[in-house]
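*Asks:* Sharing a structure with you now.
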Amino acid sequence: MITVKYFASLKGIAGKEEDRFDLGGETTLKKLGEAVAKTSPVLGEMVRDRKIMISVNMDVAGDDTIIHDGDEVALLPPFSGGSF
Amino acid sequence: MITVKYFASLKGIAGKEEDRFDLGGETTLKKLGEAVAKTSPVLGEMVRDRKIMISVNMDVAGDDTIIHDGDEVALLPPFSGGSF
Amino acid sequence: MSTALESKIRIQREDFVVTDEIEAIKKVSRNIGGIVTFLGTGRELSKGENITQLNFEHYPKMAEKKLEEIREKAIQDYKIIDMIIIHRIGEIDIGENIVLIVAAGEHRKEAFVACEWAIAELKRITPIWKRETTSNGEVWVQATP
Amino acid sequence: MSTALESKIRIQREDFVVTDEIEAIKKVSRNIGGIVTFLGTGRELSKGENITQLNFEHYPKMAEKKLEEIREKAIQDYKIIDMIIIHRIGEIDIGENIVLIVAAGEHRKEAFVACEWAIAELKRITPIWKRETTSNGEVWVQATP
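Protein chains in written order, with my numbering: chain A, 3 to 86; chain B, 3 to 86; chain C, 6 to 150; chain D, 6 to 150.
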């Protein structure tokens, strides 16, 4: 199972804090995006086309990052640590 | 009377914290230096040749500053507000 | 005992006391000459709108990991003696403390540079999000550099 | 009542509490978003020599006047909201607080610049002198920029 976490505004779009998907032993962001699209087409597109920052096991993912069974993926909208 | 104040290391050289001199209504740093030289030739030279910063009534004096009766003059060795 | 001694990287709901953190970092070395502190607080105005409350959310563990990366890089790259980073989450009122960075160096120059770099880097790479409440409702805010 | 509210420029023998000064400056405006603090402390090492004590002397009134000039220029030139400057005099032990500058701005950038400028300017124009006590005796120190 792959856990996908939604934060900040994305939690509102997803209507939940996280999802779990069974995509076999190894998969890609593209394939994960297609699974996420079933929860929300907008979020699915964000993952598939990497429109926002995505982390895999708390490291920022690249285009060719391989996702393994058991990994934790997170959709990270732009950060905002205060307006100072 | 003109008050002349000595600070930090200069207090040790002068052997006192301040001097008072009667030099009439108006005088110059050059003439004041000659009077200070009677306390200490080294300090007198510092004033006369402006080898250190000198303030008159708490403003930094220039070469042509006129000193008036009642003014407070101070000999200010280089400042040091901590080694941060 | 103060929480200040527990960790030099903290994300917490409760407020912090700047003096306690400064005293904690002072204990690290007798050769500290300059301590530069950045304290971010909740402002009332944001793009012309009156804010009544702020709410911060973070990605647990990843946010702490990024703060620790920032701390280690600051110490190494700017040759400071130590750094403490604390970020609050949850509801924050106007005027309240949000984030604290304490940079201690032998001299002031490296402490200023390290502190200013660390807050910019925190905003850039740390997964923390802000929701502003105004008279028009609530909105998640995107970063301003 | 804290002395923090009495004046934003102080030269004093007694120690100060950083948190008290920050809370005092916060009261000035609800639009403060960034507070940068510089705290200078007594270092043990100076040019390779072990220092056991520091002693600060100032030119009364002129030193306060210069600090007020620095505060006013910082507020005007760097568009910060307010600034507090405190310098201790008399005997200071290693690790103790010497000087505090608190710069409060709407955003961090102007607060960092104003704070860094103010401590450099303080060292440049404020008539305060330092005597260091080492195992070799006492010596008046000249400024290092």
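Each residue gets a CB set at the ideal place from its N, CA and C atoms; glycine is no exception.
Please tell me whether residue 113 of chain C has its Cβ less than 8 angstroms away from any Cβ of chain F.
*Replies:* The chain labelled as chain F is not found among the protein chains of the depicted structure, namely A, B, C and D.
*Asks:* From residue 145 of chain D to residue 82 of chain B, what distance separates their C-alpha atoms?
*Replies:* Near 9 angstroms, if we compare the C-alpha coordinates of residue 82 of chain B and residue 145 of chain D.
*Asks:* Name the chain C residues that come within less than 7 angstroms of residue 37 of chain D, Cβ to Cβ?
*Replies:* Here the neighbours are 46 and 48.
*Asks:* Quick one: complete beta strand (DSSP E) runs, 3+ long, within the segment 111-150 of chain C?
*Replies:* Listed in chain order, the complete beta strand (DSSP E) runs (minimum 3 residues) inside the segment 111-150 of chain C are 133-139 and 142-146.
*Asks:* Identify which residue in C:74, C:96 and C:82 has its Cα closest to the Cα of residue 130 of chain C.
*Replies:* Per the Cα distances, C:74.
*Asks:* How would you list, in chain order, the residues of chain D whose beta-carbon sits under 7 angstroms from the beta-carbon of residue 86 of chain B?
*Replies:* Those within 7 angstroms of residue 86 of chain B in chain D are 45.
*Asks:* Around the Cβ of residue 19 of chain C, are there at least 16 other Cβ atoms within 10 angstroms (buried) or fewer (exposed)?
*Replies:* Classification of residue 19 of chain C: exposed, given that the 10 Å Cβ count is below 16.
*Asks:* Buried or exposed for residue 13 of chain D, please, with buried defined as at least 16 other CB atoms from any protein chain shown within 10 angstroms of its CB.
*Replies:* Answer is buried; the Cβ neighbour count reaches 16.
*Asks:* Does DSSP put residue 10 of chain D in a helix, in a strand, or in coil?
*Replies:* Reliability of the predicted coordinates at residue 10 of chain D is poor, the pLDDT of 48 falling under 50, and no value is obtained from them.
*Asks:* Note down the Cα distance separating residue 29 of chain B from residue 60 of chain D, rounded to an integer number of angstroms.
*Replies:* Cα to Cα, the separation comes out at about 35 angstroms.
*Asks:* With a 10 Å radius around its C-beta and 16 neighbouring C-beta atoms as the bar for buried, classify residue 35 of chain B as buried or exposed.
*Replies:* By the neighbour-count rule (16 or more Cβ atoms within 10 Å), residue 35 of chain B is buried.
*Asks:* Could you give the first and the last residue of the continuous beta strand (DSSP E) run that contains residue 75 of chain A?
*Replies:* Start and end: 74-78.
*Asks:* What number of angstroms, rounded off, separates the C-alpha of residue 27 of chain D from the C-alpha of residue 36 of chain C?
*Replies:* Each residue's Cα considered, the two are about 25 angstroms apart.
*Asks:* Please confirm if residue 23 of chain D has its CB atom under 8 angstroms from at least one CB of chain B.
*Replies:* Output row for residue 23 of chain D: interface = no.
*Asks:* What are the boundary residues of the alpha helix (DSSP H) that includes residue 49 of chain A?
*Replies:* 43-50 is the extent of the alpha helix (DSSP H) around residue 49 of chain A.
*Asks:* Would you please verify whether the beta carbon of residue 64 of chain C is less than 8 angstroms from any beta carbon of chain A?
*Replies:* At least one chain A Cβ lies under 8 angstroms of residue 64 of chain C.
*Asks:* Assess contact between the segment 15-31 of chain B and the segment 41-48 of chain B, defined as three or more Cβ pairs (one per stretch) separated by less than 8 angstroms. Is contact present?
*Replies:* These segments touch.
*Asks:* Looking only at its own chain, which residues have a Cβ that is under 6 angstroms from the Cβ of residue 9 of chain C, when we skip the five neighbours before and after it?
*Replies:* Note that residue 9 of chain C scores a pLDDT of 45, beneath 50, so its modelled location is shaky; the value from the coordinates is reported in the next line. These residues qualify, in order along the chain: 25, 26 and 29.
*Asks:* With three or more beta-carbon pairs closer than 8 angstroms as the criterion, would you say the segment 63-77 of chain D touches the segment 113-133 of chain D?
*Replies:* Touching, yes.
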